[in-house]
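So the structure is just underneath, and the comments pick up after that.
Protein chains: 2
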Amino acid sequence: MDDTADTALPPGLDLLWGLRERNRRGPRPGLSLERIVQAAIELADAEGLAAVSMSRVAERLGFTTMSLYRYVASKDELLTLMMDSVAGELSVPDDLPPGWRAGLTYWAKEQLALFRRHPWTAQIPITGPPLGPRALAWMEVGLRMLEDTGLAGDEKLGVISLLSGYVRGEAQLSMDLAAALQAHPRQATYGELLRTVLDADRYPILHGIAASGALDFPSEYSEADFDFGLQLVLDGIGVLIASRSRDADGADRQDGPGPPSDGP
Amino acid sequence: MDDTADTALPPGLDLLWGLRERNRRGPRPGLSLERIVQAAIELADAEGLAAVSMSRVAERLGFTTMSLYRYVASKDELLTLMMDSVAGELSVPDDLPPGWRAGLTYWAKEQLALFRRHPWTAQIPITGPPLGPRALAWMEVGLRMLEDTGLAGDEKLGVISLLSGYVRGEAQLSMDLAAALQAHPRQATYGELLRTVLDADRYPILHGIAASGALDFPSEYSEADFDFGLQLVLDGIGVLIASRSRDADGADRQDGPGPPSDGP
DNA sequence: ACAATCTGTGTACGTTATACACAGTTCTAG
DNA sequence: CTAGAACTGTGTATAACGTACACAGATTGT
Chain V
2 MDDTADTALP PGLDLLWGLR ERNRRGPRPG LSLERIVQAA IELADAEGLA AVSMSRVAER
62 LGFTTMSLYR YVASKDELLT LMMDSVAGEL SVPDDLPPGW RAGLTYWAKE QLALFRRHPW
122 TAQIPITGPP LGPRALAWME VGLRMLEDTG LAGDEKLGVI SLLSGYVRGE AQLSMDLAAA
182 LQAHPRQATY GELLRTVLDA DRYPILHGIA ASGALDFPSE YSEADFDFGL QLVLDGIGVL
242 IASRSRDADG ADRQDGPGPP SDGP
Chain Y
2 MDDTADTALP PGLDLLWGLR ERNRRGPRPG LSLERIVQAA IELADAEGLA AVSMSRVAER
62 LGFTTMSLYR YVASKDELLT LMMDSVAGEL SVPDDLPPGW RAGLTYWAKE QLALFRRHPW
122 TAQIPITGPP LGPRALAWME VGLRMLEDTG LAGDEKLGVI SLLSGYVRGE AQLSMDLAAA
182 LQAHPRQATY GELLRTVLDA DRYPILHGIA ASGALDFPSE YSEADFDFGL QLVLDGIGVL
242 IASRSRDADG ADRQDGPGPP SDGP
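First to last, the sequence lines map onto chains V and Y. When the letters of the first sequence are read in order and numbered with my numbering, they come out as residues 2 to 265. When the letters of the second sequence are read in order and numbered with my numbering, they come out as residues 2 to 265.
Below you can see the structure in the form of structure tokens.
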């Protein structure tokens with residue numbers, strides 16, 4: 002199982018690129034990576050990431066727990082494979098929306114839809130920059146949305162990463178909130194809770210907002226929350242793009258962001 | 002233990018506001034909430050959130066595992082208490098920076114510093130809007146930074162939430178990356194990995210960026226990555242604020258964001 | 001004094017990831 | 001054509017987890 006020394010790829014990713022050698026000897030495998038990954042995804046969709054244990058996955062396939070380890074080095078590796086697998090569901094339209102703003106909006110919303118379809122994807126820790134074939138293809142789509150913006154390559158990557166991080170964060174938040182709400186059903190609104198707890202002296206502004214009744218609505222995560230943040234982020238990206246096209250005219254930006262990472 | 006029915010607060014928060022009744026009868030407690038929470042925090046700081054088990058915390062205090070349950074209803078409750086406890090470390094300067102941009106920059110960086118000091122804080126799932134006394138105090142500080150911006154109350158909250166979410170997301174990312182890097186040390190840069198894997202036909206833009214050498218630096222998370230995104234988010238907030246002050250002059254905004262959530 | 005009520009302990013249960021040994025199967029080298 | 005290398009799937013074992021539950025001892029209110 003230690004034949005991953007030839008590539009420097011993180012564990013599991015060599016499988017995705019078909020770089021792990023096949024076996025000649027031994028009985029014919031009764032199982033396959035694809036079936037294992039698919040079973041794990043179905044389980045995660047149905048009962049959440051916490052329900053994905055090696056036993057449960059094996060049980061669903063009619064095999065024993067340990068049999069999975071003939072195909073996968075560890076549970077972490079399985080999670081990595083699950084991630085890239087669902088990334089294949091992200092659809093690339095034939096005709097891209099016109100302009101970077103519409104393009105990135107589509108990109109963000111499509112990704113959010115995926116997170117909603119497979120909520121567990123936002124729970125798996127990120128172990129590195131995208132390296133799976135399907136994740137990279139989706140990244141490529143995002144980059145294409147920025148083609149006419151005059152941004153440098155690493156700036157485009159920075160923008161894509163920021164946006165992707167925003168979507169992931171919001172997806173995670175909405176999931177965690179929903180889970181907590183299901184575990185401990187609440188009837189009081191955020192505004193009501195704040196009013197029972199805050200004193201006007203120590204928390205003047207919050208107290209004012211709470212008193213105004215602006216927070217007296219059911220505290221589920223809504224699409225409007227997502228759109229509010231998305232518009233802000235897009236506006237920020239717009240400022241960067243505008244400053245870059247100003248650069249192209251010879252003017253210099255005053256106190257704007259630099260590139261996302263300092264090269265050598 | 003079911004005397005939380007009078008308040009509608011989430012479990013554990015009544016403790017923070019001193020709303021859980023004290024006991025008269027029985028032996029004098031040999032332990033206290035504060036000591037438990039502090040021991041748990043020390044453990045999390047030293048060995049990560051995964052090391053925080055009821056056994057390990059109890060062991061550190063010289064008590065048995067089950068004794069903790071006299072003070073805390075569940076491990077989740079303990080995590081909630083840990084969160085609000087460290088929020089008390091966020092320092093409020095006597096003289097606030099001038100202007101919302103400097104103010105929010107301070108606010109974001111201070112919060113990032115807390116995440117760096119206690120990396121596990123970014124791993125605990127968010128179970129609802131902030132309700133602990135210290136978390137709310139910090140929120141109040143953020144709101145104060147926006148006082149002269151002309152934003153509505155719920156808009157201010159939306160801005161603060163977005164910024165807080167950004168910082169949390171970046172902190173989580175940098176932690177996850179560091180953990181993965183420690184578990185599987187890599188010597189190849191992102192650029193090198195991409196070049197071994199990408200073909201120019203399917204991934205033209207990425208291929209170009211990877212070929213340019215712009216990604217050939219050690220892939221640790223850097224402060225520059227954080228600042229890049231922070232500037233973008235602040236720029237986006239700037240656009241919103243500018244549009245709101247234009248509103249004050251009677252003009253209407255064209256295609257900007259709405260308030261973060263729709264009230265009743 | 002006695003009962004109510006609390007604290008801390010010990011035991012028990014079900015679940016987790018995975019290390020390891022072993023039986024059976026298939027291909028390859030001689 | 002045969003011996004053994006290399007593989008697949010199974011069974012067993014281990015240490016750790018959260019927490020339900022019963023119980024002994026301490027303290028207080030009546």
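Idealized CB from N, CA, C, for every residue including glycine.
According to DSSP, is residue i part of a helix, a strand, or is it coil?
{"i": "R21(Y)", "result": "coil"}
{"i": "G104(V)", "result": "helix"}
{"i": "F218(Y)", "result": "coil"}
{"i": "A271(Y)", "result": "Here chain Y comprises residues numbered 2 to 265, so residue 271(Y) is not present and cannot be evaluated."}
{"i": "P205(Y)", "result": "helix"}
{"i": "R26(V)", "result": "coil"}
{"i": "L16(Y)", "result": "helix"}
{"i": "T66(Y)", "result": "helix"}
{"i": "Y167(V)", "result": "helix"}
{"i": "D96(Y)", "result": "coil"}
{"i": "T122(V)", "result": "helix"}
{"i": "S33(V)", "result": "coil"}
{"i": "R247(Y)", "result": "helix"}
{"i": "S223(Y)", "result": "coil"}
{"i": "S56(Y)", "result": "helix"}
{"i": "E111(Y)", "result": "helix"}
{"i": "Q173(Y)", "result": "helix"}
{"i": "D263(Y)", "result": "Annotation note: pLDDT 40 at D263(Y) (below 50); position unreliable, coordinate value reported separately. D263(Y): coil per DSSP, three-state reduction."}
Is there at least one non-hydrogen atom of the ligand COA closer than 8 Å to the beta-carbon of residue i?
{"i": "G89(V)", "result": "Looking at this structure, you won't find the ligand COA or any other ligand, since it has none at all."}
Relative to the alpha-carbon of residue i, which residue among the options has its alpha-carbon at the smallest distance?
{"i": "L17(V)", "options": "D46(V), G237(V), P28(V), A88(V)", "result": "A88(V)"}
{"i": "E90(Y)", "options": "M67(Y), G100(Y), L79(Y), H119(Y)", "result": "H119(Y)"}
{"i": "L233(Y)", "options": "A225(V), A45(V), I242(V), T66(V)", "result": "I242(V)"}
{"i": "R135(Y)", "options": "L199(V), M140(V), N24(V), D95(V)", "result": "L199(V)"}
{"i": "L115(Y)", "options": "P131(Y), D85(Y), L144(Y), R29(Y)", "result": "D85(Y)"}
{"i": "G239(V)", "options": "R117(V), P131(V), A201(V), K157(V)", "result": "K157(V)"}
{"i": "S175(V)", "options": "L20(V), A47(V), S223(V)", "result": "S223(V)"}
{"i": "Y204(V)", "options": "K110(Y), M140(Y), L105(Y), L182(Y)", "result": "M140(Y)"}
{"i": "L20(V)", "options": "T197(Y), I206(Y), R187(Y), L207(Y)", "result": "T197(Y)"}
{"i": "A184(Y)", "options": "A153(V), A181(V), L137(V), T128(V)", "result": "T128(V)"}
{"i": "A225(Y)", "options": "A180(V), A179(V), A215(V), L163(V)", "result": "L163(V)"}
{"i": "L137(V)", "options": "A181(Y), V38(Y), A201(Y)", "result": "A201(Y)"}
{"i": "G237(V)", "options": "A47(V), L105(V), P28(V), R26(V)", "result": "L105(V)"}
{"i": "F229(V)", "options": "V38(V), K110(V), Q188(V), R117(V)", "result": "K110(V)"}
So residue i and residue j are in contact, right, with Cβ under 8 Å, and what is the actual spacing, rounded?
{"i": "R102(Y)", "j": "L235(Y)", "result": "6 Å"}
{"i": "V93(Y)", "j": "V142(Y)", "result": "5 Å"}
{"i": "S220(V)", "j": "Y191(V)", "result": "5 Å"}
{"i": "A266(Y)", "j": "R169(Y)", "result": "With chain Y covering 2 to 265 only, the question about residue 266(Y) has no answer from this structure."}
{"i": "G133(V)", "j": "L14(V)", "result": "6 Å"}
{"i": "L82(Y)", "j": "L34(Y)", "result": "7 Å"}
{"i": "D177(V)", "j": "P130(Y)", "result": "Their Cβ separation, rounded to whole angstroms, is 12 Å, which puts D177(V) and P130(Y) out of contact at 8 Å."}
Excluding sequence positions up to five away, which residues of its chain have a Cβ less than 6 Å from the Cβ of residue i?
{"i": "Y107(V)", "result": "P98"}
{"i": "L195(V)", "result": "A211"}
{"i": "I161(Y)", "result": "G143"}
{"i": "V53(V)", "result": "A41, L44, A45"}
{"i": "Y167(V)", "result": "V234"}
Can you list, in chain order, the residues of its chain with a C-beta nearer than 8 Å to that of residue i? Leave out the 5 residues immediately preceding and following it.
{"i": "F64(V)", "result": "G31, L32"}
{"i": "R61(Y)", "result": "A40, E43, L44"}
{"i": "P12(Y)", "result": "T5, A74, S75, D77, E78, T81"}
{"i": "R71(V)", "result": "P30, L32"}
{"i": "L207(Y)", "result": "L195, L199"}
Taking 7 Å as the limit between beta carbons, can you name the residues of its chain near residue i, skipping five residues before and five after?
{"i": "W121(V)", "result": "A45, G49, L50"}
{"i": "F227(Y)", "result": "L113, E171"}
{"i": "D217(Y)", "result": "T190, G192, E193"}
{"i": "T66(V)", "result": "M55, S56, A59"}
{"i": "R145(V)", "result": "L97"}
{"i": "L147(Y)", "result": "W101, K157, V160"}
{"i": "G275(V)", "result": "Absent from the structure is residue 275(V), since the part of chain V shown begins at 2 and ends at 265."}
{"i": "S68(V)", "result": "L32, A59"}
{"i": "R36(V)", "result": "L62"}
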